[in-house]
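Novice: Quick one: this structure, given as structure tokens, is what I'll be asking you about.
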Amino acid sequence: PLPAGGLHGAFVFSTEARADIVAVDASVALARDGVMAFLDADSLDKAGFTNDVGGGEPLFAPGKVAYHGQIVGMVCASSYAAARTAAAVVKVTYANAEAPIMSFDDAEAAGSYFDLSPEESTAAAGDAAAAIAGAAVTVEGVAEVGGQAHFHMETQNATASPSEGGGISLVCCTQGPAFTQETVAKALNRSPACVDVRVRRVGGAYGAKISRNAAISCAAALAAETLGRPCRVELEQRDNMLALGSRRPHRCKYTLGLDVDGTLLGVDLDTTMMQGWFPDSSFGTPLDVIGSYDSAYRCANWRFKGRVARTNRPANTYCRAPGYLPAMLLLEVALDHAARSLGVAPEALRARNWYKSGDVSPRGQTMPTCTIDKCWSLLMDKVGGFEACRAAVDGFNATSRFIKRGLTVVPMRYTMAWEGGIHISLVSIQADGKLLLQHSGTEVGQGINTIAAQVAALELGVDVDDVSVGPTRTGAAACPGTTGTGGSITTEQVGSAVRNACQQLAARLAPYLAAQPTFAAAASAARDDGVDMQARGRFHGGKSTLGPFEYASYGAALLEVELDVLSGTARPLRAECVIDVG
Numbered sequence: 194p195l196p197a198g199g200l201h202g203a204f205v206f207s208t209e210a211r212a213d214i215v216a217v218d219a220s221v222a223l224a225r226d227g228v229m230a231f232l233d234a235d236s237l238d239k240a241g242f243t244n245d246v247g248g249g250e251p252l253f254a255p256g257k258v259a260y261h262g263q264i265v266g267m268v269c270a271s272s273y274a275a276a277r278t279a280a281a282v283v284k285v286t287y288a289n290a291e292a293p294i295m296s297f298d299d300a301e302a303a304g305s306y307f308d309l310s311p312e313e314s315t316a317a318a319g320d321a322a323a324a325i326a327g328a329a330v331t332v333e334g335v336a337e338v339g340g341q342a343h344f345h346m347e348t349q350n351a352t353a354s355p356s357e358g359g360g361i362s363l364v365c366c367t368q369g370p371a372f373t374q375e376t377v378a379k380a381l382n383r384s385p386a387c388v389d390v391r392v393r394r395v396g397g398a399y400g401a402k403i404s405r406n407a408a409i410s411c412a413a414a415l416a417a418e419t420l421g422r423p424c425r426v427e428l429e430q431r432d433n434m435l436a437l438g439s440r441r442p443h444r445c446k447y448t449l450g451l452d453v454d455g456t457l458l459g460v461d462l463d464t465t466m467m468q469g470w471f472p473d474s475s476f477g478t479p480l481d482v483i484g485s486y487d488s489a490y491r492c493a494n495w496r497f498k499g500r501v502a503r504t505n506r507p508a509n510t511y512c513r514a515p516g517y518l519p520a521m522l523l524l525e526v527a528l529d530h531a532a533r534s535l536g537v538a539p540e541a542l543r544a545r546n547w548y549k550s551g552d553v554s555p556r557g558q559t560m561p562t563c564t565i566d567k568c569w570s571l572l573m574d575k576v577g578g579f580e581a582c583r584a585a586v587d588g589f590n591a592t593s594r595f596i597k598r599g600l601t602v603v604p605m606r607y608t609m610a611w612e613g614g615i616h617i618s619l620v621s622i623q624a625d626g627k628l629l630l631q632h633s634g635t636e637v638g639q640g641i642n643t644i645a646a647q648v649a650a651l652e653l654g655v656d657v658d659d660v661s662v663g664p665t666r667t668g669a670a671a672c673p674g675t676t677g678t679g680g681s682i683t684t685e686q687v688g689s690a691v692r693n694a695c696q697q698l699a700a701r702l703a704p705y706l707a708a709q710p711t712f713a714a715a716a717s718a719a720r721d722d723g724v725d726m727q728a729r730g731r732f733h734g735g736k737s738t739l740g741p742f743e744y745a746s747y748g749a750a751l752l753e754v755e756l757d758v759l760s761g762t763a764r765p766l767r768a769e770c771v772i773d774v775g
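The sequence shown begins at 194 in our numbering and counts up by one.
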């Protein structure tokens, strides 16, 4: 909850996509009851703050807007309603409006791309050009996959309060507390030690709260610092979608070379990823597709080239399985095209080419236990066989003129990268023998707190109900250097850190556990002897001996959809999945 005397912040958004800001008039807004202040780029500059939320992206547009929905300023008022209604009457005058770059074709025509290093934009194995040139069958085409709004149950928000000693206490919904701490500190021109970030749980994230919460947290912190009062900034769903980006759309020009039996001989993928005007701090590996362009398929000769289009849109960002999902989908489209050209069933072509145990990917990843075959077999058992499913679909289509059904089945390989991951846990044994656990991950609905508690209970031999998990805090476990929550790997990394801490405590308590009837009694005796009852566990992911990734998760999925050929609307009827989760 917002502390007593706290203010609410509401953003003023640009209504032009590419124009100069001539004037910003907030006089009508400031005259309203309950309105305390209006902040924009000029006021930040005068106060000596840094107008940057990471990656060179300004919090408030500094004299020029780059996309419709860019944040121009913020009204601070005594209530949420007062702030929003006042923000709506702030007048922004624009000039020199230009046609925005909005699409892949626009970017191509304008030559609007981010500069990338060869390591960020190219990858190859074998000689794709020669393999394709010598192939019996060649297919070429273009495939696209669009963006996707995150649509969180909990929209982006942050509450900042001035704290003792001139610091800022920040409660927000970030997936990366350490990143948020550093970004807010930079905006305030203060040490990160002055910013305490706390996260209890996040109501939906899907990647958008790794970096995109930074603007919201910076705005709340700057208002609290400027006005000396707590400030809460909370977006409505429309604003969330308008200003903070989505999954990145992709376009791929593909060329495949195949043998007459459908064996892949060469694959050439030229992919463009659509970014907004700013790179976003999650842009660190700009073409995350590089790690997954081979999807689940074996081929000796690959070439991948990528570009990142700079468009007049908000900065796009991570969204569930970023890179993986578009890369897999684009390659599946190309394989469907190849199957049609060869006159074979798509599922047969896929089965001929998917990875087997012992294969090595074009990036040098060894797969000692690839279970795609097993997942596929279990899926077919589950659905009663693909041919039976196909016959049912064909039977329906034969009797329905305007409603048609389609069926597909695909394999899946999702790689898990541990390298560079750092997570911390703090486990404290309380006076009554119960445990207080803190860690650097964030609870985003994946159950990380429950699993961390279970790991601690198992390692120390206590009941899971005797383990309490505290909020994630930069002043505790989420210290500088810890990585954010994402990539489907944080729970296992945090679990390793918790295990490490508990093993230290178990070693200290071993003589007391041998002499006492209960864990609580052993803990009490150890405490009386001055034994340290807190341990810090750490996980640091190193290089895998198998390649770029620690391991992969394999699976297979069948999907049946229905299409209204008159309206073009489609809906899924059935989805069946088998996934090897270890």
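Virtual Cβ for every residue (Gly too), placed ideally from N, Cα, C.
Out of L200, C445, Y705 and T608, which has the shortest C-alpha to C-alpha gap to S485?
Specialist: Looking at the Cα atoms, T608 is the closest of the given residues.
Novice: Roughly how far, in whole angstroms, is the beta-carbon of L628 from the beta-carbon of V648, given that I think they are within contact range, below 8 Å?
Specialist: That belief does not hold up - the Cβ atoms of L628 and V648 are roughly 11 Å apart, past 8 Å.
Novice: Taking just the CA atoms, how far does G450 sit from L776?
Specialist: As displayed, the chain neither begins before 194 nor continues past 775, which places residue 776 out of reach and without an answer.
Novice: Would A321 and W547 qualify as a contact pair, given that the criterion is a beta-carbon distance under 7 Å?
Specialist: Cβ atoms of A321 and W547: not closer than 7 Å.
Novice: Would you mind stating whether T564 and Y747 have Cβ atoms separated by less than 7 Å?
Specialist: Yes. Within cutoff.
Novice: Count the other CB atoms, across all protein chains shown, that sit within 10 Å of the CB of F231; report buried if there are 16 or more and exposed otherwise.
Specialist: Buried is the call here.
Novice: Quick check: what's the CA-CA separation for V460 versus V330?
Specialist: If I take the Cα positions, the gap works out to 12 Å.
Novice: In the DSSP assignment, find the beta strand (DSSP E) that holds K379 and state where it starts and stops.
Specialist: Looking at the DSSP string, K379 is not in any beta strand (DSSP E); the run it does join, the alpha helix (DSSP H), is P370 to L381.
Novice: With DSSP collapsed to three states, give me the class of S617.
Specialist: Here the sequence assigns Ile to residue 617, which means Ser is not the residue at that position. If DSSP states are grouped into helix, strand and coil, I617 belongs with the strands.
Novice: Do you know offhand how far E291's Cα is from R211's?
Specialist: Rounded to whole angstroms, E291 to R211 spans 6 Å at the Cα level.
Novice: Given a threshold of 16 other Cβ atoms within 10 Å of its Cβ, counted over all protein chains shown, does A280 qualify as buried or as exposed?
Specialist: So A280 ends up on the buried side.
Novice: Taking its Cβ as the centre, do 16 or more other Cβ atoms sit within 10 Å of R533, making it buried, or is it exposed?
Specialist: It counts as exposed.
Novice: With the cut-off set at 7 Å, would you say I644 and T684 are in Cβ contact?
Specialist: Going by C-beta atoms, I644 is nearer than 7 Å to T684.
Novice: Count the C-beta pairs between the segment 211-230 and the segment 250-262 that are closer than 8 Å, then say yes if the count reaches three, no if not.
Specialist: In short, these stretches touch, since the Cβ pair count reaches three.
Novice: Could you check where the beta strand (DSSP E) with T667 kicks off and where it finishes?
Specialist: No beta strand (DSSP E) contains T667, which DSSP labels as neither H nor E.
Novice: What did DSSP end up calling C366 once you bin it into helix, strand or coil?
Specialist: Three-state result, C366: coil.
Novice: Confirm, please, whether the CB-CB distance from H443 to P519 is below 7 Å.
Specialist: Yes, the Cβ-Cβ distance between P519 and H443 is below 7 Å.
Novice: Below 7 Å between beta carbons: does that hold for S356 and V377?
Specialist: Cβ distance not < 7 Å, so S356 and V377 don't count as in contact.
Novice: Given this structure, state the Cα-to-Cα distance separating L458 from G551, to the nearest angstrom.
Specialist: Spanning the two alpha carbons is a distance of roughly 19 Å.
Novice: Can you name, in chain order, every residue of its own chain whose Cβ lies under 6 Å from the Cβ of A316, other than the five neighbours on each side?
Specialist: Once the five neighbours on either side are set aside, the close Cβ partners of A316 are I483 and F497.
Novice: Can you tell me the Cα-Cα spacing of R731 and G626, whole angstroms?
Specialist: Distance between the alpha carbons of R731 and G626: 23 Å.
Novice: If contact is defined by three or more beta carbon pairs under 8 Å, each pair taking one atom from either stretch, is the segment 356-373 in contact with the segment 530-544?
Specialist: With the cut-off at 8 Å, the segment 530-544 and the segment 356-373 do not touch.
Novice: Taking the C-alpha atoms as reference points, what is the distance between P673 and V390?
Specialist: If I take the Cα positions, the gap works out to 11 Å.
Novice: Find the nearest neighbour of A624 within the set A716, E250, R225 and P741, judged by alpha-carbon distance.
Specialist: Selected option, being the one with the closest Cα: A716.
Novice: Cα separation between T738 and T762?
Specialist: Their Cα atoms are separated by approximately 47 Å.
Novice: How long is the line joining the alpha carbons of R503 and K549, rounded to whole angstroms?
Specialist: Distance between the alpha carbons of R503 and K549 is about 39 Å.
Novice: May I have the straight-line CA-CA distance separating N693 from H632, to the nearest angstrom?
Specialist: For N693 and H632, the distance between alpha carbons rounds to 12 Å.
Novice: Expressed to the nearest angstrom, what Euclidean distance is found between the alpha-carbon atoms of L752 and L766?
Specialist: For L752 and L766, the distance between alpha carbons rounds to 8 Å.
Novice: What span of residues does the alpha helix (DSSP H) with N350 cover, start to end?
Specialist: Looking at the DSSP string, N350 is not in any alpha helix (DSSP H); the run it does join, the beta strand (DSSP E), is N350 to S356.
Novice: Got a sec? Which residues, its chain only, sit under 7 Å from T559 by beta carbon, not counting five neighbours each side?
Specialist: Correct list, in chain order: V553, L739 and G740.
Novice: With a threshold of 7 Å on Cβ separation, who are the neighbours of G477 within its own chain once the five nearest residues in sequence on each side are excluded?
Specialist: Confidence at G477 is low in this model, with a pLDDT of 46, below 50, so the placement of that residue should be treated as unreliable; the coordinate-derived value is given next. So the list is empty, once near-sequence residues are dropped.
Novice: Which first and last residues belong to the beta strand (DSSP E) in which A270 is found?
Specialist: Per DSSP, A270 belongs to the beta strand (DSSP E) from I264 to A270.
Novice: Report the partner residues of R729 according to the DSSP bridge assignment.
Specialist: L619.
Novice: Helix, strand or coil for K239, going by three-state DSSP, please let me know.
Specialist: If DSSP states are grouped into helix, strand and coil, K239 belongs with the helices.
Novice: Out of L523, R583 and M295, which has the shortest C-alpha to C-alpha gap to A538?
Specialist: That would be R583, whose Cα lies nearest to the Cα of A538.
Novice: For P555, count neighbouring C-beta atoms within 10 Å of its own C-beta (all shown protein chains included) and say buried if the count is 16 or more, exposed if not.
Specialist: The residue is buried, with at least 16 neighbouring Cβ atoms inside 10 Å.
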